[in-house]
Amino acid sequence: MPELAEVAYASKQWNLAVSKRVKEVVIHPTSRVFRDCDKNSVFELLSGKQMKSGQSHGKQILFHFSGNVWLGVHLGMTGSLLNENSTYLPQKHDALVLKVNTHSFIFRDPRQFGRIRIEEGKNQPVWWSNQPISMLDSKFEIKILKNALIRHNRRPIKALLLDQRYFPGMGNWMADEVLWRAKIHPANLCSKIPQLKMASLFNEILFVVSGALNSVGKNGGDPPKGWLFHARWKDGQLCPKTNSALKRESIGGRTTCFCPELQKIF
DNA sequence: ATACCTGTTTCCCG
DNA sequence: CCGGGAAACAGGTA
Numbered sequence: 342m343p344e345l346a347e348v349a350y351a352s353k354q355w356n357l358a359v360s361k362r363v364k365e366v367v368i369h370p371t372s373r374v375f376r377d378c379d380k381n382s383v384f385e386l387l388s389g390k391q392m393k394s395g396q397s398h399g400k401q402i403l404f405h406f407s408g409n410v411w412l413g414v415h416l417g418m419t420g421s422l423l424n425e426n427s428t429y430l431p432q433k434h435d436a437l438v439l440k441v442n443t444h445s446f447i448f449r450d451p452r453q454f455g456r457i458r459i460e461e462g463k464n465q466p467v468w469w470s471n472q473p474i475s476m477l478d479s480k481f482e483i484k485i486l487k488n489a490l491i492r493h494n495r496r497p498i499k500a501l502l503l504d505q506r507y508f509p510g511m512g513n514w515m516a517d518e519v520l521w522r523a524k525i526h527p528a529n530l531c532s533k534i535p536q537l538k539m540a541s542l543f544n545e546i547l548f549v550v551s552g553a554l555n556s557v558g559k560n561g562g563d564p565p566k567g568w569l570f571h572a573r574w575k576d577g578q579l580c581p582k583t584n585s586a587l588k589r590e591s592i593g594g595r596t597t598c599f600c601p602e603l604q605k606i607f
């Protein structure tokens with residue numbers, strides 16, 4: 342489920358909790374999402390606290406509570422944030438449920454690749470404030486792309502786009518969407534990207550990020566019609582631009598969908 | 001049954 | 001020491 346826009350949408354599902362006081366904390370006894378934190382701390386630090394705010398940055402989510410408490414959520418591959426009414430009964434894969442008077446706020450993650458962090462401190466946690474520049478920030482410039490291309494010249498461009506140190510929030514389908522729009526074969530090594538292509542690659546990153554936020558990020562639905570997204574999931578689909586057969590193969594360690602007619606090796 | 005999956009970390013290799 | 005890639009994590013779904 343979760344890349345940048347879906348993560349932004351997920352974090353909003355807990356907006357109703359802002360300014361509410363946590364009456365009950367329900368923690369899954371065995372879920373791996375607590376592997377890096379102390380479950381007792383999660384319980385102790387959140388119980389009775391008032392949620393101040395929630396925000397997302399790339400694939401990371403941070404909630405701020407009274408008493409200088411910070412709750413970090415990463416959705417992994419199958420995580421989601423939901424809200425239900427106050428009579429909600431926790432289900433099998435609900436890792437964390439926070440109950441306030443009116444609602445239950447749920448972090449559900451069947452595969453448990455997600456992650457919960459809990460911290461107490463006057464300032465935002467270091468892992469949060471040290472994140473790379475957001476792709477939405479005006480300081481996210483083409484220089485970041487160019488430097489990454491040079492540094493990782495032996496890597497396929499698809500793998501580079503998935504690197505969260507440079508493109509926080511970029512995920513598998515967004516990366517495919519970007520390369521398809523920029524007409525770049527995903528297996529191209531970074532050293533092979535022509536200088537002239539870099540500006541369009543950068544612009545397509547911005548386009549896909551904002552387009553995804555305006556559709557998926559707003560209402561949780563799908564990206565706009567005509568995007569590769571709608572054709573990329575199964576074999577035998579046609580390219581929305583060329584109407585020729587799309588191809589799917591593993592590139593950069595992930596299933597990658599592209600249009601061989603449109604996206605060239607340089 | 002078998003394969004596949006919108007992510008990250010760890011380990012091994014050159 | 002560095003960068004790249006495979007494996008591992010785990011459960012649901014086709």
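Mapped onto the numbering used here, the consecutive letters of the first sequence carry residue numbers 342 to 607. Where a beta carbon is used, it is the ideal one built from N, C-alpha and C, also for glycine. Note that this is a predicted model, so its numbers are computed, not measured.
Next item on the list: Could you name each continuous alpha helix (DSSP H) segment of 4 residues or more that falls completely within the stretch 422–504, going from the start of the chain to the end?
Entry: Qualifying alpha helix (DSSP H) stretches, in chain order: 467–470, 483–492, 498–502.
Notebook entry, point to check: Tell me the DSSP bridge mates of Thr419?
Noted result: Counted from its first residue, the first sequence places residue 419 at position 78. Looking at the DSSP assignment, Thr419 forms no beta bridge with any residue, so it has no partner.
Checklist line | Val359, buried or exposed, once every other Cβ within 10 Å from all chains shown has been counted against 16 | finding: Mapped onto the first sequence, residue 359 falls at position 18. It counts as exposed.
Item checked: Reference Ala349; option with closest CA among Gln401, Gln391, Cys598, Arg589 -> The residue given as residue 349 occupies position 8 in the first sequence. For the options Gln401, Gln391, Cys598, Arg589, the alpha carbon positioned closest to that of Ala349 is the one of Gln401.
Notebook entry, point to check: Given that a residue counts as buried once 16 or more other Cβ atoms are within 10 Å of its Cβ, and exposed if not, what is Leu579?
Noted result: The residue labelled residue 579 in the question sits at position 238 within the first sequence. Exposed, because fewer than 16 other Cβ atoms sit within 10 Å of the Cβ of Leu579.
Next item on the list: Helix, strand or coil for Trp521, going by three-state DSSP, please let me know.
Entry: Taking the first sequence and counting its residues from 1, the one referred to as residue 521 is at position 180. Of the three classes helix, strand and coil, the one that applies to Trp521 here is helix, per DSSP.
Check: How is Ala528 classed by DSSP in three states: helix, strand or coil?
Finding: The sequence position of residue 528 within the first sequence is 187, counting from 1. Assigned with DSSP and collapsed to three states, Ala528 falls in coil, not helix or strand.
Note to self: Going by DSSP, what residue range makes up the alpha helix (DSSP H) through Ile546?
What the structure shows: As a first step, residue 546 must be located in the first sequence, where it is residue number 205. Where Ile546 is concerned, the enclosing alpha helix (DSSP H) stretches over 536–560.
Checklist line | Within 8 Å, strictly: CB atoms of Leu503 and Ile534 | finding: Within the first sequence, residue 503 is the residue found at index 162, counting from 1. Within the first sequence, residue 534 is the residue found at index 193, counting from 1. The answer is no: Cβ separation not under 8 Å.
Checklist line | Beta-bridge pairing of Glu590 - partner residues as DSSP gives them | finding: Counted from its first residue, the first sequence places residue 590 at position 249. Thr597, per the DSSP bridge assignment.
Note to self: Less than 8 Å between the beta carbons of Trp411 and Glu460, yes or no?
What the structure shows: Reading the first sequence from its first residue, position 70 is the one you call residue 411. Reading the first sequence from its first residue, position 119 is the one you call residue 460. Yes, the pair counts as a contact, with Cβ atoms nearer than the cut-off.
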